[in-house]
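Report on the structure given below.
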Amino acid sequence: MKKLDYVTSQFLSEKESWEKKLASVEESWRLKCESMKGQSNGHVEDHLQKNLGEWTLKYEKLKEEHESFRDISDRMIEEKEREIAKLLNANKDLHHSLEAKAAVSKRDNQSPGYIKQDALSIELAEQQILLLARQQAQREEELSQSHRHILALQQEVEDLERENRLHDQQEAMLKAELRNMERSQKREGVDMTYLKNVILKLLETGIWNFLLLILLLIDR
5 MKKLDYVTSQ FLSEKESWEK KLASVEESWR LKCESMKGQS NGHVEDHLQK NLGEWTLKYE
65 KLKEEHESFR DISDRMIEEK EREIAKLLNA NKDLHHSLEA KAAVSKRDNQ SPGYIKQDAL
125 SIELAEQQIL LLARQQAQRE EELSQSHRHI LALQQEVEDL ERENRLHDQQ EAMLKAELRN
185 MERSQKREGV DMTYLKNVIL KLLETGIWNF LLLILLLIDR
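For the sequence shown, the working numbering gives the first residue as 5, with consecutive numbering after it.
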């Protein structure tokens with residue numbers, strides 16, 4: 005019985021732990037999406053906005069699949085809990101029956117064959133409970149894989165955020181340089197209006213390396 009109690013206690017503890025982890029991941033994703041939406045208002049290039057939308061759709065799809073999987077898993081867990089409770093009650097009844105028959109055997113010199121049969125039934129019940137525990141461990145591993153998948157997707161979104169911030173910084177630097185060039189139109193042979201249009205066009209298309217090269221050549 006101690007072994008059965010331990011398996012049942014461990015099963016319930018691990019279930020509660022996973023529920024807390026899943027709730028934490030969902031809350032983290034909710035905050036992350038809200039943050040991304042706030043940063044995207046007029047500051048992210050079209051291709052970055054497209055990437056952000058794609059990752060958001062991927063997250064929503066993964067979250068939907070994860071919730072569906074968790075619902076199925078919860079139903080299976082409840083079913084296994086009922087089976088374990090049923091087996092524990094049957095096991096308890098068998099122990100009582102074994103104790104009662106042992107007392108009768110001592111009093112009436114009864115053959116131990118019945119007692120041996122009850123002991124075998126108890127052993128089979130314990131094996132069934134251990135089998136259910138192993139099945140539950142397999143379900144928890146599947147939940148763990150889903151959790152790792154969500155974390156990997158979260159890392160992708162964080163990388164995209166860093167890329168957005170870097171592009172914002174580059175754009176701010178280029179605009180500052182453009183303002184400085186407009187204030188100092190002393191360079192001969194430079195059509196500042198044409199140059200300004202070229203720089204703005206490069207800003208729109210996101211060709212950062214080429215734009216930086218032009219600015220370096222002009223600065224010489």
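Yeah, the Cβ is synthetic: ideal placement off N, Cα and C, and Gly gets one too.
Inter-residue distance for residue 89 and residue 142 is about 20 Å (C-alpha atoms, whole angstroms). Taking the C-beta atoms as reference points, residue 157 is found nearer than 8 Å to residue 62. The straight-line gap separating the alpha-carbon atoms of residue 164 and residue 155 is approximately 14 Å. Within the model, the alpha-carbon separation for residue 72 versus residue 160 is close to 23 Å. Annotated as distal: residue 175 and residue 136, with beta-carbon spacing of 8 Å or more.
Only buried fits residue 140, as 16 or more other CB atoms lie within 10 angstroms of its CB.
Residue 184 and residue 177 have their C-alpha atoms roughly 11 Å apart. Rounded to the nearest whole angstrom, the C-alpha separation of residue 93 and residue 131 is 15 Å.
By the 16-neighbour rule on beta-carbons within 10 angstroms, residue 134 is exposed. CA-CA distance, residue 153 to residue 28, rounds to 15 Å.
Counting C-beta atoms within 10 angstroms of its own C-beta, residue 147 has 16 or more neighbours from the protein chains shown and is therefore classed as buried. Annotation: residue 76 to residue 83 spans about 11 Å, alpha carbon to alpha carbon.
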